[in-house]
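Peer 1:
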Amino acid sequence: MTLDEKSERRGRAFGRRARFSFGLVLLAVVFTLGVGLGATLAPAMPPSHSQAAPSPAAPISVFGEAWDVVHQHYVDPSAIDDQKMLAAAITAMLETLGDQGHTRYLTADELRMHAEELSGTYTGVGIQIEERDGNIVVVTPLDNSPAQEAGIRPGDVLLEVDGQPAQGLGLDEVVRRVRGPEGTSVTLVFQRQGQQDPIQVTLVRETIRISPVSWTMLPGQIADIRLSQFSSGATDDLKRAIAEAQAAGAEAIVLDLRNNPGGLVNEAIGVASQFLPPNSTVFLSQVRGGDREEYRTDASASPTDLPMVVLINGGTASAGEIVAGAIQENKRAPLVGERTFGTGTVLTEFRLQDGSAILLGTELWLTPNGRQIWRNGIEPDVRVSLPVEVPPAMPVGGRPLTEETIAQDAQLQAALRILQGYPAPGTSAPRPGCLRCE
């Protein structure tokens with residue numbers, strides 16, 4: 001017999017005085033167990049239906065029962081927000097699956113933003129921002145954007161968005177507030193280092209095209225090509241970057257996949273096709289029943305044969321891990337950095353009736369040799385750590401990297417040392433820096 005059933009029967013048998021005595025005993029037990037002063041426990045509410053003992057119930061029925069209990073009995077009805085409770089419940093349910101950082105729930109607004117990111121276009125003011133030590137900091141204004149025209153600079157700290165403090169909102173919420181319908185305006189307040197007074201600007205939102213690829217030339221005629229995500233058009237942008245680098249005299253390539261969260265699988269295949277021979281295996285897909293399908297590089301692609309090194313870290317995920325694993329196992333180039341995140345599942349979008357969606361892992365991605373990426377990640381050939389407080393040196397807007405910035409990035413330094421062992425293109429001399437070449 002449960003404690004609730006005992007108290008209910010005692011209440012019926014002995015009346016109000018017995019229930020009061022039981023309440024005192026129960027309160028004494030609470031203090032004995034150390035719940036602390038101020039803790040008060042009311043008698044248990046009786047079940048909504050009379051029965052001698054609990055019977056098995058469908059989980060969804062129990063959830064509905066809990067939902068009703070909150071709506072009928074919570075002391076502050078104004079605090080009940082159905083949408084927040086629903087989102088929290090679905091999010092918590094998906095977290096039990098163990099596919100952290102990948103399988104997830106998106107509200108209708110979050111789904112719209114997700115689609116914009118993958119499309120490579122969005123409506124906003126044209127600034128790349130990141131969170132540093134609780135502050136929202138400008139990485140760079142995009143070329144020809146409202147933010148660039150207003151004079152926003154890298155390193156500016158965002159203080160306010162339409163009068164609301166930015167600190168404490170979190171990066172996702174700040175992005176949501178800065179974006180909006182085309183033609184509308186947003187007022188931003190920034191603090192610039194070395195300048196006492198804040199800078200306030202009112203910008204008109206417009207459609208922004210984001211290129212996920214940027215590059216710059218490093219010492220020794222080494223092209224540093226950064227791929228930030230596998231959004232729509234990433235392959236075409238990468239082709240242009242490689243062509244520009246070769247036309248500028250590049251003799252080797254550093255492909256920087258650090259902090260690349262992934263994106264579209266067709267773009268992963270397209271990117272891999274720029275470095276691997278035609279019909280090379282990029283990855284294997286395994287469904288829940290165990291059947292596998294092989295995906296290969298584009299048979300008509302013309303990949304570059306420049307020597308290369310790939311940079312990875314714990315922020316390299318999903319499609320970034322596919323490309324890194326394919327390059328490694330096809331022995332095209334060494335990987336330098338740290339183990340990748342380990343999100344090797346194929347996400348399928350399931351729309352829900354309120355406009356929200358579940359992005360659910362429905363297949364596993366495996367490397368060409370059949371290694372499971374999920375929860376394992378991709379191990380680098382050369383392990384080099386980077387302190388948390390040191391941001392990776394990445395080309396932004398085509399601007400050259402300073403010697404100081406390069407010197408602080410131990411992973412980039414390791415890549416350069418490896419590539420210095422390669423011969424000039426077109427020669428057949430040994431390549432002592434190529435760790436996996438045969």
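As numbered in full-length UniProt numbering, residues 1 to 438 make up the sequence shown, in order.
Here a beta-carbon is modelled for each residue, glycine too, at the ideal position from N, C-alpha and C.
Let me know the secondary structure DSSP gives residue 308 once reduced to three states.
Peer 2: In this structure, residue 308 counts as strand in the three-state DSSP scheme.
Peer 1: Would residue 488 and residue 177 be called neighbours here (beta carbons separated by less than 8 Å)?
Peer 2: Summary: the structure shown does not reach residue 488, with the chain confined to residues 1 through 438, and so no result is reported for it.
Peer 1: If you measure between the beta carbons of residue 312 and residue 337, is that distance less than 8 Å?
Peer 2: Going by C-beta atoms, residue 312 is nearer than 8 Å to residue 337.
Peer 1: Identify whether residue 420 lies in helix, strand or coil by the three-state DSSP scheme.
Peer 2: In this structure, residue 420 counts as coil in the three-state DSSP scheme.
Peer 1: Starting from the Cα of residue 193, find the closest Cα among 153, 223, 120, 214 and give me that residue.
Peer 2: Residue 193 has its Cα closest to that of 153, out of 153, 223, 120, 214.
Peer 1: Are there 16 or more other CB atoms within 10 angstroms of the CB of residue 256, so buried, or fewer, so exposed?
Peer 2: Classification of residue 256: buried, given that the 10 Å Cβ count is 16 or more.
Peer 1: Between which two residues does the beta strand (DSSP E) holding residue 182 run?
Peer 2: That residue, residue 182, is in no beta strand (DSSP E); it is neither H nor E in DSSP.
Peer 1: Can you tell me where the alpha helix (DSSP H) with residue 405 in it begins and where it stops?
Peer 2: Element bounds for residue 405: 403-408.
Peer 1: Name the DSSP bridge partner or partners of residue 350?
Peer 2: According to DSSP, which records beta bridges pairwise, residue 350 is partnered with 358.
Peer 1: Work out the CA separation of residue 373 and residue 216 for me, nearest whole Å.
Peer 2: The straight-line gap from Cα to Cα measures roughly 31 Å.
Peer 1: When the Cα of residue 141 is compared with those of 342, 134, 128, which residue comes out closest?
Peer 2: When each option's Cα is compared against that of residue 141, the closest is 128.
Peer 1: Does the beta-carbon of residue 196 have 16 or more other beta-carbons within 10 angstroms, so that it is buried, or is it exposed?
Peer 2: Residue 196 should be labelled exposed.
Peer 1: Is it buried or exposed for residue 40, if we count other Cβ within 10 angstroms and need 16 for buried?
Peer 2: Per-residue confidence for residue 40 stands at a pLDDT of 48, beneath the threshold of 50, marking its modelled position as unreliable; the derived number appears in the next sentence. So residue 40 counts as exposed.
Peer 1: Based on the DSSP output, what are the partners of residue 217 in its beta bridges?
Peer 2: For residue 217, which the question treats as bridged, DSSP gives the partners 223.
Peer 1: Classify residue 398 as buried or exposed, calling it buried when 16 or more other Cβ atoms lie within 10 Å of its own Cβ.
Peer 2: Exposed, by the Cβ-count rule.
Peer 1: With a threshold of 16 other CB atoms inside 10 Å of the CB of residue 288, please say whether the residue is buried or exposed.
Peer 2: Residue 288 is exposed by the Cβ-count criterion.
Peer 1: Thinking just about the alpha-carbon of each residue, which of 156, 96, 258, 130 is nearest to the one in residue 170?
Peer 2: Residue 170 has its Cα closest to that of 130, out of 156, 96, 258, 130.
Peer 1: Relative to the C-alpha of residue 228, which residue among 320, 83, 134, 125 is closest?
Peer 2: The residue with the shortest Cα to Cα distance from residue 228 is 320.
Peer 1: Skipping 5 residues on each side, what residues in its chain have a beta carbon closer than 7 Å to that of residue 258?
Peer 2: Around residue 258: 311, 312, 313, 315, 316, 337, 392.
Peer 1: Below 8 Å on the Cβ atoms is my guess for residue 221 versus residue 247; work out the distance and round it to an integer in Å.
Peer 2: In fact, because the Cβ distance is near 12 Å, the residues do not count as touching under 8 Å.
Peer 1: Pick out whichever of 136, 145, 185 has its Cα sitting closest to the Cα of residue 165.
Peer 2: Of 136, 145, 185, the residue nearest in Cα terms is 136.
Peer 1: From this set, 230, 268, 61, 180, which residue's C-alpha is nearest residue 208's C-alpha?
Peer 2: Of the candidates 230, 268, 61, 180, the one whose C-alpha sits nearest the C-alpha of residue 208 is 180.
Peer 1: Short check: CB of residue 186 to CB of residue 125, under 8 Å?
Peer 2: A contact, by the Cβ cut-off of 8 Å.
Peer 1: Mind checking residue 156: buried by the 16 CB within 10 Å criterion, or exposed?
Peer 2: By the neighbour-count rule (16 or more Cβ atoms within 10 Å), residue 156 is buried.
Peer 1: Find the nearest neighbour of residue 263 within the set 233, 275, 100, judged by alpha-carbon distance.
Peer 2: When each option's Cα is compared against that of residue 263, the closest is 233.
Peer 1: Fully enclosed by the segment 238-324, which alpha helix (DSSP H) runs are 4 residues long or longer?
Peer 2: As far as the segment 238-324 is concerned, its whole alpha helix (DSSP H) runs of at least 4 residues are 265-272.
Peer 1: Can you tell me whether residue 97 is buried or exposed? The criterion is at least 16 other CB atoms within 10 Å of its CB, across all chains shown.
Peer 2: Exposed is the call here.
Peer 1: First and last residue of the beta strand (DSSP E) that includes residue 139?
Peer 2: Segment 135-141, the beta strand (DSSP E) holding residue 139.
Peer 1: Does the structure place the segment 297-308 close enough to the segment 348-359 that three or more beta carbon pairs sit under 8 Å?
Peer 2: No: the two stretches stay apart, fewer than three of their Cβ pairs being nearer than 8 Å.
Peer 1: Can you give me the Cβ contacts of residue 38 inside the same chain, cut-off strictly under 6 Å, excluding the 5 residues immediately before and after it?
Peer 2: Unreliable placement is indicated for residue 38, whose pLDDT of 43 sits below 50; the coordinate value is still reported in the next sentence. Excluding positions up to five away in sequence, the list is empty.
Peer 1: Can you find the residues in the same chain that come closer than 6 Å, C-beta to C-beta, to residue 3, ignoring five residues on each side of it along the sequence?
Peer 2: Residue placement at residue 3 is flagged as unreliable, the pLDDT there being 37, under the threshold of 50; the coordinate-derived value follows with that caveat. Here the set comprises nothing.
Peer 1: Can you tell me where the alpha helix (DSSP H) with residue 340 in it begins and where it stops?
Peer 2: Careful: residue 340 lies outside any alpha helix (DSSP H) and carries neither H nor E.
Peer 1: Do the CB positions of residue 360 and residue 106 come within less than 8 Å of each other?
Peer 2: Cβ distance not < 8 Å, so residue 360 and residue 106 don't count as in contact.
Peer 1: Report the residue from 394, 218, 150 whose alpha carbon sits nearest the alpha carbon of residue 205.
Peer 2: Cα-wise, what sits closest to residue 205 is 150.
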